[in-house]
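Asks: Dumping the structure here so I can ask a few things about it.
Residue numbers (this note's numbering), protein chains in the order written: chain A, 558 to 950; chain B, 600 to 990.
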């Protein structure tokens with residue numbers, strides 16, 4: 558299939574893996590953070606770690622929109638949804654995020670009117686069909702999804718729609734990256750930059766990482782070869798003693814971002830003074846809220862939400878996982894009390910969450926598997942051989 | 600305020616009771632064991648957890664309970680099997696095998712709530728016949744007689760009902776079965792969605808071959824009878840919510856002819872399943888779990904139509920979990936694989952049959968996929984419901 562297969566070519570992957578291995582300094586360990594949950598998903602879904610030398614560790618970052626929503630905000634959304642005058646609309650991956658009283662799915666099963674949508678425009682359609690009720694869109698995500706929320710608000714305004722509002726939980730990636738860089742827990746060698754966010758904000762906002770913290774950033778695409786190439790680009794920078802922002806995803810990401818999208822965001826939303834991130838705590842100027850001019854579309858102004866801070870269950874270590882301090886399996890409740898079917902923490906909910914990705918795709922001991930099936934040859938040349946007898950017949 | 604109330608604390612308490620002593624832990628949360636050893640201990644603990652008797656935690660039925668994945672399985676085992684437990688039900692195969700007055704019979708039932716009722720390649724009527732014919736066929740039986748129960752919503756057009764029933768008769772004729780008894784109920788407008796159908800079927804088992812996923816052995820080959828995911832993607836697109844168009848039709852078809860040809864030619868067939876809700880991934884997990892063996896499949900070997908792959912990529916779903924309604928997953932001894940594929944390809948419904956993987960001794964209970972990219976990952980049971988009311 559065009560535009561997909563060429564980015565999943567096993568032969569090219571072997572070649573890149575060999576070049577990456579060749580750049581590893583003996584005895585040195587490398588730690589790269591993939592900021593975006595989409596990358597985490599790709600890494601596990603395609604088994605990309607099989608290609609990497611042991612010296613390279615990928616650390617999963619905070620860029621999973623669902624994962625960073627704190628429990629209190631879920632409870633607020635639930636309070637909004639429980640108003641019989643409200644139709645709550647939400648993306649599918651938000652539906653299973655647990656609040657202190659259960660998830661949207663649980664509330665839906667109990668009779669609350671919560672509907673899954675694929676786009677905020679679907680919410681607008683529901684608003685047109687139900688003029689007597691207030692349709693609230695649960696707006697989540699980074700700069701990637703904020704423009705579609707903003708454009709929907711602009712459309713609603715243009716149509717004069719009076720019963721559409723958003724519960725704004727949009728967050729911005731740069732303050733979170735700064736918080737991680739300032740955290741003493743983690744020593745990173747570089748960042749695999751968030752490709753989709755960068756289609757909107759461009760590459761410039763990452764320059765402080767390279768300049769002030771001396772860490773290379775490579776903005777990366779979402780196919781497995783994109784990520785492998787980005788790791789190679791990071792290794793080249795390190796081997797040459799450089800720390801720069803580079804754009805691997807240039808087929809999609811313009812260096813200066815998408816000005817139209819940024820304008821739409823700026824027209825409808827503004828920075829909050831502070832916002833709580835799950836696991837990372839309060840980060841100043843890290844989230845967006847609806848501008849005063851659009852107050853009639855701001856569910857937080859239209860309804861009274863409890864706004865109570867709800868502490869995560871003590872055993873939940875999503876914060877450490879989101880910061881990359883703990884690997885998913887190192888969390889105390891991983892895979893036992895907290896599983897994809899009964900998630901306690903958000904990282905186990907979203908397909909982009911590190912815990913869900915690891916549980917669903919990576920939950921096997923690669924070393925053990927390598928020992929028992931190593932007949933197929935060394936790790937750098939085994940990939941293209943069909944596994945066992947399971948070749949194309 | 601803390602979130603320590605309700606189900607979370609229950610889940611944690613349950614976990615504490617069982618696992619506290621097993622966890623390798625030093626005061627700082629780390630131990631001196633090497634990383635891979637620590638990881639393995641955690642994985643072993645999860646494995647034990649997964650083998651534990653399932654329990655339904657939810658207080659109400661959610662859509663996940665009908666998705667054919669993990670929640671469905673938990674509900675069946677924890678509620679239905681628990682209440683009805685008997686040796687005929689316990690194997691949880693697609694049909695029960697029973698003996699009546701010396702004859703060996705297979706009995707099965709299935710309900711159909713697909714939305715929309717009419718879709719490219721079929722409608723709820725042929726789906727209801729083919730699905731039950733297939734459940735009988737994969738148990739090794741020759742399907743004979745079907746029942747049909749209708750739950751109709753007030754206001755449902757009679758012309759639509761006639762179309763549905765005509766399709767049922769055509770499908771029954773094609774499969775060589777008769778619909779011999781039935782039932783009709785009507786509910787008030789708004790209490791159902793047009794038309795729901797239940798069919799039950801009875802078939803006769805010949806010979807004494809026992810089929811079941813529990814009989815899989817290391818070295819066995821796993822075969823699918825054709826491209827996967829056609830039905831699910833067709834239904835998803837037919838709903839018109841996604842504004843995606845693709846030239847794909849449902850694969851709904853009776854598999855009894857294909858299965859008869861296969862069983863006649865390949866004596867050692869261990870198990871057959873038709874991949875419906877939960878897709879091929881769910882069947883592979885059922886094999887791994889029932890046989891307590893590993894399953895290793897190769898992504899490149901799994902037939903998926905370009906249209907289905909494209910739509911799945913766009914929608915972020917995995918074709919491995921998308922429903923089929925006329926696709927067979929077969930487990931045969933490794934040395935019979937070529938013959939089985941040859942025989943299946945000789946039948947129109949198996950023209951694109953392919954070996955997709957094998958049963959292995961390593962990693963019992965786990966399905967692994969060698970990705971086209973050259974990595975390895977797990978293929979777990981479906982969690983949640985990407986697509987309700989698929990059949």
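Where a beta carbon is used, it is the ideal one built from N, C-alpha and C, also for glycine.
Measuring straight from C-alpha to C-alpha, what distance separates residue 580/A and residue 715/A?
Replies: 55 Å
Asks: Rounded to a whole number of angstroms, what is the C-alpha to C-alpha distance between residue 895/B and residue 783/A?
Replies: 26 Å
Asks: So with CB distances below 9 Å, who are the chain B contacts of residue 886/A?
Replies: Result: 637, 638, 641, 642, 645.
Asks: How long is the line joining the alpha carbons of residue 942/A and residue 877/B, rounded to whole angstroms?
Replies: For residue 942/A, the predicted structure reports a pLDDT of 35, less than 50, and the residue's modelled location is therefore unreliable. The matter cannot be settled from this model.
Asks: When the cut-off is 8 Å and only beta carbons count, does residue 691/B lie next to chain A?
Replies: no
Asks: Is it a yes or a no for the stretch 626-634 of chain A touching the stretch 609-617 of chain A, going by three-plus beta-carbon pairs under 8 Å?
Replies: No contact exists between the stretch 626-634 of chain A and the stretch 609-617 of chain A.
Asks: Just checking my contact of residue 810/A with residue 752/A at CB under 8 Å: how many whole Å lie between their CB atoms?
Replies: Contact holds; Cβ gap of about 6 Å.
Asks: With a cut-off of 8 Å, do at least 3 Cβ pairs link the stretch 849-869 of chain B to the stretch 947-954 of chain B?
Replies: Cβ pair count under 8 Å is three or more, so yes.
Asks: Give the straight-line distance between the Cα atoms of residue 565/A and residue 956/B, rounded to the nearest whole angstrom.
Replies: 20 Å
Asks: Given a cut-off of 8 Å on the beta-carbon distance, is the pair residue 881/B and residue 981/B in contact?
Replies: yes
Asks: What are the residues in the stretch 666-677 of chain B lying within 8 Å of chain A by C-beta distance?
Replies: Residues 669, 670, 673.
Asks: Given a threshold of 16 other Cβ atoms within 10 Å of its Cβ, counted over all protein chains shown, does residue 979/B qualify as buried or as exposed?
Replies: buried
Asks: Quick one: what's got a C-beta closer than 6 Å to residue 831/A's C-beta in the same chain, skipping five residues either side?
Replies: Excluding residues within five positions, the ones whose Cβ falls inside 6 Å are 839, 841.
Asks: Please give me, in chain order, every unbroken run of the alpha helix (DSSP H) with length at least 4 that falls completely inside the stretch 798-832 of chain A.
Replies: Here the runs fully enclosed are 816-825.
Asks: With DSSP as the reference, label residue 911/B as helix, strand or coil.
Replies: DSSP places residue 911/B within a helical segment (H, G or I) once states are collapsed to three.
Asks: Anyone know if the C-beta pair for residue 851/B and residue 748/B falls short of 8 Å?
Replies: no
Asks: Excluding the five sequence neighbours on either side, which residues of its own chain have a C-beta within less than 7 Å of the C-beta of residue 621/B, listed in chain order?
Replies: Reliability fails at residue 621/B, whose pLDDT of 48 lies under 50, so the model's placement of it is uncertain and the value that follows must be treated cautiously. Answer for residue 621/B: 644, listed in chain order.
Asks: Would you kindly work out how many angstroms separate the C-alpha atoms of residue 804/A and residue 777/A, rounded to a whole number?
Replies: 7 Å
Asks: Under a Cβ-count criterion, where at least 16 other Cβ atoms within 10 Å of its own Cβ denotes burial, should residue 642/A be classed as buried or exposed?
Replies: exposed
Asks: Show which residues of chain A have a CB atom less than 8 Å away from the CB atom of residue 974/B.
Replies: 603, 604, 605, 606, 607, 608, 781, 940
Asks: What does residue 561/A reach in chain B if we use C-beta pairs closer than 9 Å?
Replies: One finds 908, 909, 912 in chain B with Cβ atoms closer than 9 Å to the Cβ of residue 561/A, taken in chain order.
Asks: Please report whether the beta-carbon of residue 626/B lies at a distance below 8 Å from any beta-carbon of chain A.
Replies: Per-residue confidence for residue 626/B stands at a pLDDT of 45, beneath the threshold of 50, marking its modelled position as unreliable; no derived number is given.
Asks: Count the C-beta pairs between the stretch 751-767 of chain B and the stretch 701-711 of chain B that are closer than 8 Å, then say yes if the count reaches three, no if not.
Replies: no
Asks: For the putative contact between residue 741/B and residue 805/B, defined by C-beta atoms under 8 Å, what is the C-beta separation to the nearest angstrom?
Replies: 7 Å
Asks: Determine whether the Cβ of residue 576/A lies closer than 8 Å to any Cβ atom of chain B.
Replies: So no, residue 576/A is outside the interface.
Asks: If I measure Cβ to Cβ from residue 758/A and keep anything under 6 Å in the same chain, skipping five residues before and after, which residues do I get?
Replies: 700, 814
Asks: Which chain B residues are close to residue 917/A, counting only those with a beta carbon under 7 Å from its beta carbon?
Replies: 977, 979
Asks: For residue 561/A, count the other beta carbons within 10 Å of its own beta carbon; 16 or more makes it buried, fewer makes it exposed. Which is it?
Replies: exposed
Asks: Residue 611/A by DSSP, collapsed to three states: which one?
Replies: coil
Asks: What number of angstroms, rounded off, separates the C-alpha of residue 793/B from the C-alpha of residue 774/B?
Replies: Distance between the alpha carbons of residue 793/B and residue 774/B is about 26 Å.
Asks: Starting from the N-terminal side, write out each stretch of the alpha helix (DSSP H) that is 4 residues or longer and does not extend beyond the stretch 710-759 of chain B.
Replies: 723-737
Asks: Using a C-beta to C-beta distance shorter than 8 Å, which residues of chain A count as neighbours of residue 841/B?
Replies: 675
Asks: So, helix, strand or coil for residue 851/A, using DSSP?
Replies: helix
Asks: Compute the beta-carbon to beta-carbon distance between residue 617/A and residue 911/A, rounded to the nearest angstrom, for a pair I have assumed lies under 8 Å.
Replies: Contact between residue 617/A and residue 911/A holds, since their C-beta atoms are separated by about 4 Å, short of 8 Å.
Asks: Round the Cβ separation of residue 749/A and residue 589/A to the nearest angstrom and send it over; I've been treating them as touching at under 8 Å.
Replies: 6 Å
Asks: In chain order, what are the residue ranges of uninterrupted beta strand (DSSP E) at least 3 long that sit wholly in the stretch 894-980 of chain B?
Replies: 927-931, 953-959, 966-969, 975-977
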